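Structure, as C-alpha cells:
There are 2 protein chains.
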Amino acid sequence: MIPKTAEYALRAVVILARAPGRPLSADALAESTQVPRRYAHKVLQALVRAGLVGSHSGPGGGYTLLRSPEDVSILDVVSAIEPIPRIRRCPLGLKGHTSLCPLHRQLDDAAAQTEKAFAQVTLAQLLNQSHSVPPLCEVK
Amino acid sequence: MIPKTAEYALRAVVILARAPGRPLSADALAESTQVPRRYAHKVLQALVRAGLVGSHSGPGGGYTLLRSPEDVSILDVVSAIEPIPRIRRCPLGLKGHTSLCPLHRQLDDAAAQTEKAFAQVTLAQLLNQSHSVPPLCEVK
DNA sequence: CGCAGGAGGACAAAGATACTCCTGAAATCT
DNA sequence: AGATTTCAGGAGTATCTTTGTCCTCCTGCG
Numbered sequence: 304m305i306p307k308t309a310e311y312a313l314r315a316v317v318i319l320a321r322a323p324g325r326p327l328s329a330d331a332l333a334e335s336t337q338v339p340r341r342y343a344h345k346v347l348q349a350l351v352r353a354g355l356v357g358s359h360s361g362p363g364g365g366y367t368l369l370r371s372p373e374d375v376s377i378l379d380v381v382s383a384i385e386p387i388p389r390i391r392r393c394p395l396g397l398k399g400h401t402s403l404c405p406l407h408r409q410l411d412d413a414a415a416q417t418e419k420a421f422a423q424v425t426l427a428q429l430l431n432q433s434h435s436v437p438p439l440c441e442v443k
Numbered sequence: 304m305i306p307k308t309a310e311y312a313l314r315a316v317v318i319l320a321r322a323p324g325r326p327l328s329a330d331a332l333a334e335s336t337q338v339p340r341r342y343a344h345k346v347l348q349a350l351v352r353a354g355l356v357g358s359h360s361g362p363g364g365g366y367t368l369l370r371s372p373e374d375v376s377i378l379d380v381v382s383a384i385e386p387i388p389r390i391r392r393c394p395l396g397l398k399g400h401t402s403l404c405p406l407h408r409q410l411d412d413a414a415a416q417t418e419k420a421f422a423q424v425t426l427a428q429l430l431n432q433s434h435s436v437p438p439l440c441e442v443k
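What follows is the structure, encoded as C-alpha cells:
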C-alpha cells in the first residue's frame, strides 16, 4: 500500500515524538523501530531533507523532531518519503477532455481518500490513543 | 498506489466489457490498452487463472469476459492480480494485544477504505458513466 | 589536540517488479 | 494433413527498491 520506506519513517517519527527534546541516534532508532540499521540512516536523512526532523553530530547528538506532534500528520511523513501518486492526466496519453475517464477517476478518488485520511491524523493523536494500545505495539 | 500490473488488468477488463461476446486477441488488447505487447499476455493469463476472463485459441479466438460487467468490481480485478495488503498483526512482530497499535490501525484503516471503494464500483458502472467521458479517455 | 560518538555519502548485493524473447500447443480453415 | 492464428509457459533482461559495507567528515569532551 505505502512503500516500506514510508512505514519505517512513520515508526521513526513516532518514536521521536515519544522522546521530546532528547536526541536519538540512528542506531537507537533502528533498534526500536526494527528497521535495518543502515537503511534507517537513509530514511532519517530523507526526513531531515524534508525538514521534519533535525540532526546533530557528535556525542549526545542524533535526530530530533523539529515540529510539535500536533503539527505533523501522517501525510506529512509519508509525503516526505514519497508522495501519494495522484492521477492528473490520462495515463494512456490519449488526448481528450480535461477530466479523467471513469476508471482513472475512481483510482484517483481512492488515492485522494487515503490522502485525506492520512492528513487528518497527527502524531499527537497517535500518542494520545495510548490508553488503548501504546503507539508501536510495545506491550509485553 | 496500485501496482502497474493491476492498472493494466483494469484497462484490459474495461475494454473486454465494451466488446461483449466478441473475443479480443492479446495483441489487440495490448494496443488499445497501451500495454507492452508481451506483458499484456502475462497480465491476461493472470486474469484467466483468476477465472475472470476466458481464453480461446485459434483463429477468431482471444479473451472474453466470463462474468457480466455488473458482477465484476474493481476490487475483483485488482485482487486477481495482487490483493491489497492488509495489516493484521503488528509488523514489528512484537507480542501484545490482539488489536493493532494506533499507527498501524490508521494504516490498515486506509487500506480498508480503498478496498471498500474498489468493491463498490463495478465495470458496468464505469461503462455507464460514458455520458461524461468514455471509459478509457478515448476522446478525439 | 586527540579521541569517541555520531551523521552522511558512495558504492555493491539481494529481491521484487516490469518487461522481452523463444518455443510449444491448441483450434480453425482450407 | 498442413498452414495460420492465437494462447501458454518458461527463461532471460532491465530497473527499482531494500539492505549491507566501507570510508569520510563533523562535533563535543577530556
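These protein sequence lines map, in sequence, to chains A and B.
First residue of the first sequence? That's 304 in our numbering, and the numbers climb one at a time after it.
First residue of the second sequence? That's 304 in our numbering, and the numbers climb one at a time after it.
Just so you know, even glycine gets a beta-carbon here, dropped at the ideal spot from N, CA and C.
This one's a predicted model, so the numbers in the text were calculated from it and none came from an experiment.
Counting along the chain, A:L350 sits inside the alpha helix (DSSP H) bounded by residues R340 to R352. The C-alpha of A:G361 lies about 19 Å from the C-alpha of A:A322. Fully enclosed beta strand (DSSP E) runs of no fewer than 3 residues occupy 356 to 359 and 365 to 368 of the stretch 348 to 385 of chain A, in order along the chain. When CB distances to chain A are screened at a threshold of 9 Å, the residues of the stretch 317 to 332 of chain B falling below it are V317, in chain order. Contacts with chain A (Cβ-Cβ distance below 8 Å) from the stretch 409 to 420 of chain B involve Q409, L410, D412, A413, A414, Q416, T417 and A420, listed in chain order. According to the DSSP assignment, B:P405 belongs to the alpha helix (DSSP H) that extends over P405 to Q423. In terms of beta-carbon proximity, B:V424 lines the interface with chain A, with at least one pair separated by less than 8 Å. If the five residues before and after B:H359 are omitted, its C-beta is found closer than 7 Å to the C-beta atoms of P326 and G365, all from its own chain and listed in chain order. Under the criterion of beta carbons closer than 8 Å, B:I377 and B:L430 do not qualify as touching, at roughly 13 Å. The count of Cβ pairs closer than 8 Å, one atom from the stretch 373 to 388 of chain B and one from the stretch 414 to 425 of chain B, reaches three, so the stretches are in contact.
For the stretch 362 to 375 of chain B, the beta-carbon criterion of a distance under 8 Å to any beta-carbon of chain A is satisfied by none of its residues.
With a threshold of 8 Å between beta carbons, A:L347 makes no contact with chain B. Between B:A414 and B:I387, the C-beta spacing is below 8 Å. Of the candidates B:V356, B:L406 and B:P394, the residue whose Cα lies closest to the Cα of B:I318 is B:V356.
Membership of A:A312 in the alpha helix (DSSP H) is indicated by the continuous run K307 to A320. Taking the beta carbon of A:I384 as reference, no residue of chain B falls within 9 Å; the closest one sits roughly 14 Å away.
Residue environment for A:P306: exposed (fewer than 16 other C-beta atoms within 10 angstroms of its C-beta).
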